[in-house]
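Notes for the one structure printed next.
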Amino acid sequence: MAGYSSQMKQHIRKITLFSVLIPLLILGISPKVIGTGIQDATIESLINFIPPEAESQLEIRQSVFHNGWFSSQAEVEVLYTPPGMDSISLQLVFDISHGPLLITPRGPKAGLAYASIVPSISSDAFKNAIAELPFALPTISLDLLASFDQSIEIGLDIAPLTYSDPDGEVSFNGLSGTFIVNSDLSAEFSLLMGGLAATENGENTDINISGMEIRSTTAQLNNILAPSEAQLIIPLISSNAPVPFSVSDITTTYGLLASETDEIAIFQNLKINEISSTLPVNSLLWNSEIEEINSELFKYYYQLAAELQNEMSANPEAVTARISQLGQELALAAVQNKLVVNNFVQTNAYDGDHELDLQIRWNGLPELRNIMGVDIKEALNALTVDLELSLNLEAIMRSPIANLVDPYVQQGYIEINNGLILVKGNLLNGLLTFNGNEMPLDQFF
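Sequential numbering from 14 applies to the sequence shown in the working numbering.
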């Protein structure tokens with residue numbers, strides 16, 4: 014019985030030993046196994062983020078990659094070449110730690126890899142601009158986390174900065190951002206900036222931005238026509254000199270929607286809740302929509318931009334026949350296809366509320382084969398416009414255009430009803446109507 018008990022203890026010790034050694038062995042081997050795929054999980058992933066339409070202006074080059082057991086090092090160059098301008102080179106040095114256990118500044122993480130990134134810009138113009146600054150740039154921290162689900166998270170932190178001398182002062186409360194790309198290339202971006210205040214004593218100028226927030230999402234990062242949305246929020250922008258003003262609660266939103274019929278819709282909204290300045294405008298709301306855009310227009314545009322980029326790089330003075338041809342094809346495609354543009358503006362000015370609703374529908378000229386052959390009458394018949402304008406009468410009578418109200422009423426251009434100046438306009442089949450007054454436009458052609 015004692016021998017049996019001794020054997021059991023030995024078995025338990027072996028099981029315990031294996032239970033400890035096997036996880037340790039897995040943890041020890043895992044970094045090397047993971048390291049074999051680090052290049053694909055980090056550097057190659059960044060390259061795959063670039064849409065084909067942007068490849069003529071944006072290029073990612075990998076110059077160095079050293080793969081070790083627990084860590085790797087890489088150097089990457091990002092080249093951005095605006096049309097007709099010299100390239101701007103961004104150098105990125107990656108110090109990569111292999112998973113599965115990762116130690117990051119934000120605490121322990123589980124994943125394939127974590128990389129701290131040191132960025133530097135190689136541009137004479139940028140270097141000259143930095144050299145003229147009386148202070149050093151704040152510290153920039155950039156890192157990357159590759160997760161087991163093939164997602165990539167890039168983090169950005171810019172440290173606060175405070176500087177003061179007899180000429181002025183700058184105060185910056187820092188910035189942080191996160192960019193997450195999922196395995197299906199859907200992505201989301203967020204950025205938070207603290208307050209920024211600057212004063213220049215010699216010019217007697219100052220500016221204050223209380224903060225800024227940016228949020229953005231896209232269904233597919235490397236597809237410029239994928240559904241996407243972005244929003245910018247600024248609580249307050251103000252200045253005391255040279256012209257005092259204050260603009261608060263600024264929100265702007267941009268979005269792109271795609272349909273199954275290869276049509277694109279773009280919307281943009283701008284809202285400013287309060288404006289305090291020498292101008293008579295106190296608030297502003299602007300909603301804009303462009304609908305039924307044929308996706309071929311985007312393809313023509315980016316093809317034209319790519320060929321223009323190549324041509325400008327080879328000979329900035331030359332304009333080839335091919336570029337001219339693409340420009341005509343883009344214009345022809347725009348005229349052939351239908352388009353809907355809606356704009357709604359609401360503002361408070363001269364202490365009164367005003368509204369503008371403008372809807373434009375272009376039905377297209379699908380039979381047109383040459384952009385130079387556009388017939389004005391056919392174009393007018395293909396265009397439909399609806400306009401509704403409502404102005405507060407008391408506010409307008411306090412404005413510089415007050416003396417125009419009576420003459421325009423007499424001529425029938427405007428109507429007055431319940432304290433509002435009303436304008437209704439319509440263009441349909443070449444017939445222009447303003448407040449019930451008709452005017453055929455084909456008489457002018």
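Glycine included, every Cβ here is placed at the ideal spot set by N, Cα and C. Predicted, not measured: the structure shown is a model, and the values here were computed from it.
Environment of residue i [buried if 16+ CB atoms lie within 10 Å]
{"i": "H367", "result": "buried"}
{"i": "F148", "result": "exposed"}
{"i": "L440", "result": "buried"}
{"i": "R119", "result": "exposed"}
{"i": "R374", "result": "buried"}
{"i": "N307", "result": "buried"}
{"i": "G215", "result": "exposed"}
{"i": "M206", "result": "buried"}
{"i": "F107", "result": "buried"}
{"i": "F185", "result": "buried"}
{"i": "S241", "result": "buried"}
{"i": "G365", "result": "buried"}
{"i": "S164", "result": "buried"}
{"i": "L339", "result": "buried"}
{"i": "A415", "result": "exposed"}
{"i": "L105", "result": "buried"}
{"i": "A142", "result": "exposed"}
{"i": "A408", "result": "buried"}
Nonlocal neighbours in the same chain, by C-beta distance under 7 Å from residue i, ignoring five residues either side
{"i": "I222", "result": "G208, L209, I247 and I250"}
{"i": "A344", "result": "I384"}
{"i": "L396", "result": "W375 and L440"}
{"i": "L150", "result": "I143"}
Residue span of the beta strand (DSSP E) that contains residue i, given as start and end
{"i": "K390", "result": "Not the beta strand (DSSP E): K390 falls in the alpha helix (DSSP H), residues I389 to N394."}
{"i": "M452", "result": "N450 to P453"}
{"i": "V256", "result": "Element bounds for V256: n/a, residue is neither H nor E."}
{"i": "F280", "result": "E276 to S289"}
{"i": "L169", "result": "I165 to I171"}
{"i": "T117", "result": "L114 to T117"}
{"i": "I303", "result": "V294 to N307"}
{"i": "G181", "result": "G181 to F185"}
{"i": "L445", "result": "L444 to F447"}
{"i": "I109", "result": "I101 to H111"}
{"i": "G438", "result": "L433 to L441"}
Residue j beta carbon less than 8 Å from that of residue i
{"i": "N405", "j": "Y426", "result": "no"}
{"i": "S403", "j": "L435", "result": "yes"}
{"i": "N282", "j": "I288", "result": "no"}
{"i": "L157", "j": "I130", "result": "yes"}
{"i": "A126", "j": "A87", "result": "no"}
{"i": "L381", "j": "V348", "result": "yes"}
{"i": "P255", "j": "T218", "result": "yes"}
{"i": "P64", "j": "L103", "result": "no"}
{"i": "E166", "j": "T212", "result": "no"}
{"i": "K351", "j": "G386", "result": "no"}
{"i": "S85", "j": "I109", "result": "yes"}
{"i": "N286", "j": "D262", "result": "yes"}
{"i": "G268", "j": "F258", "result": "no"}
{"i": "L297", "j": "T360", "result": "yes"}
{"i": "H111", "j": "F83", "result": "yes"}
{"i": "L313", "j": "A362", "result": "Contrary to the premise, residue 313 reads as Tyr rather than Leu in this sequence. Contact flag unset, no."}
{"i": "E276", "j": "E320", "result": "no"}
{"i": "V418", "j": "M410", "result": "yes"}
{"i": "I4", "j": "S252", "result": "Here the chain has residues from 14 to 458 only, and residue 4 is not among them."}
Unbroken alpha helix (DSSP H) run spanning residue i, endpoints
{"i": "L406", "result": "L406 to M410"}
{"i": "Y176", "result": "Note, Y176: premise wrong, no alpha helix (DSSP H); beta strand (DSSP E) at L174 to D178."}
{"i": "Q424", "result": "V418 to Q424"}
Same chain, Cβ closer than 6 Å to residue i, neighbours up to 5 away in sequence not counted
{"i": "S272", "result": "none"}
{"i": "L371", "result": "N356 and L400"}
{"i": "V398", "result": "I373 and L440"}
{"i": "W299", "result": "L283 and V358"}
{"i": "L71", "result": "I63 and Y93"}
{"i": "F474", "result": "Residue 474 is absent from the structure shown; the chain starts at 14 and stops at 458."}
{"i": "L454", "result": "L393, G443 and L445"}
{"i": "I153", "result": "I171"}
{"i": "S301", "result": "Q281 and N356"}
{"i": "Q341", "result": "I384"}
{"i": "N450", "result": "G425"}
{"i": "S100", "result": "L92 and T94"}
{"i": "M225", "result": "M206 and I247"}
{"i": "T264", "result": "I246 and K284"}
{"i": "I227", "result": "L204 and L245"}
8 Å Cβ shell around residue i - same chain, five flanking residues per side excluded
{"i": "S199", "result": "T230, T231, A232, Q233 and L234"}
{"i": "L188", "result": "L169, D170, I171, L204, L205, M206 and G207"}
{"i": "D180", "result": "P147, E213, N214 and G215"}
{"i": "F139", "result": "I101"}
- Item | Complete beta strand (DSSP E) runs within the segment 124-163 (minimum length 3 residues, chain order) | List check, beta strand (DSSP E) in window: 126-135 and 153-159.
- Item | Contained beta strand (DSSP E) runs [length at least 3] in the segment 188-231, N- to C-terminal order | DSSP assignment within the segment 188-231 yields the following whole beta strand (DSSP E) runs of 3 residues or more, N-terminal first: 188-194, 200-206, 209-213, 218-222 and 225-231.
- Item | Entirely enclosed beta strand (DSSP E) segments - the segment 348-386, minimum 3 residues | Look at the segment 348-386 and you find these whole runs of beta strand (DSSP E), each 3 residues long or longer: 352-362 and 365-375.
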